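Residue numbers (UniProt numbering): 1 to 253. Glycine is no exception: its CB is placed at the ideal position from the N, C-alpha and C atoms. Being a predicted model, the structure only gives us computed values, none of them experimental. Comments concern the structure below.
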């Protein structure tokens, strides 16, 4: 388990892709302190296992599914990544509960200064909309951030505009998509200067891909109340009654 507080920016020194997956070698210093073979490290928010620990970095293996469903599949030599070791018992819990199990990738739509901070507008698939709420926690490339605003996409062509859910105001942000029907959700987060310079978001901008993990507590609440999870695409039958009046009566309420 992780907390979303990035310890260090690592650099991809080597990546070897094969039909069965990939091996990634990351140059770093701080996360090597106490790191042993078999330990977990979050790389851009993806939980990986250290297969080798060297003097100037570590190596981890990645499955085809990891390469396909996260932005780790886009990495090449010289790219930077966020690194965080698994939280230790008794350690400080500075962010929120991050498991390292990425739900999807998002796309940065806009990056702009806002006071002493830098704001990002990030699009995600609409099925995650119920798991992203204003003032809630979200992990972006493994960074624990607070959602400031949630917006919905309107339109079906290549150019789309986002309208604020709260005030239903049009936002002058356009996103290019492939032709055909497109339905998206977007959320806004802001980073203070320290967080920005200490993470890879400092080097990313519109069009770049980020890993998204929604709050695990929110997922369990949705599962409990509705009997399903909005973003479940496993093919399992998750249809359930959820928390109904009959269920409450059966519990003695």
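Is it buried or exposed for residue i, if we count other Cβ within 10 angstroms and need 16 for buried?
{"i": "residue 192", "result": "exposed"}
{"i": "residue 200", "result": "buried"}
{"i": "residue 96", "result": "buried"}
{"i": "residue 93", "result": "exposed"}
{"i": "residue 250", "result": "exposed"}
{"i": "residue 147", "result": "buried"}
{"i": "residue 72", "result": "buried"}
{"i": "residue 184", "result": "buried"}
What residue range is occupied by the uninterrupted beta strand (DSSP E) comprising residue i?
{"i": "residue 214", "result": "209-214"}
{"i": "residue 75", "result": "Note, residue 75: premise wrong, no beta strand (DSSP E); not H, not E."}
{"i": "residue 107", "result": "104-114"}
{"i": "residue 86", "result": "Residue 86 -> no beta strand (DSSP E), and no H or E assigned at all."}
I'd like to confirm the pairing. Which residues does DSSP put opposite residue i in its beta bridges?
{"i": "residue 6", "result": "Paired residues: none, contrary to the question."}
How is the alpha helix (DSSP H) around residue i delimited, first residue to last?
{"i": "residue 196", "result": "193-197"}
Please state whether DSSP places residue i in a helix, a strand or coil.
{"i": "residue 261", "result": "Since the first and last residues shown for the chain are 1 and 253, residue 261 lies out of range."}
{"i": "residue 178", "result": "Confidence is the limiting factor: at residue 178 the pLDDT is only 42, short of 50, which leaves the residue's position unreliable, though a coordinate-based value still follows. Coil at residue 178, not helix or strand."}
{"i": "residue 222", "result": "helix"}
{"i": "residue 33", "result": "coil"}
{"i": "residue 145", "result": "strand"}
{"i": "residue 125", "result": "coil"}
{"i": "residue 185", "result": "strand"}
{"i": "residue 160", "result": "Annotation note: pLDDT 45 at residue 160 (below 50); position unreliable, coordinate value reported separately. In this structure, residue 160 counts as strand in the three-state DSSP scheme."}
{"i": "residue 69", "result": "helix"}
{"i": "residue 99", "result": "coil"}
Unbroken stretches of the beta strand (DSSP E), 3 residues or longer, contained in the region 39-64: 40-43, 46-53, 57-62
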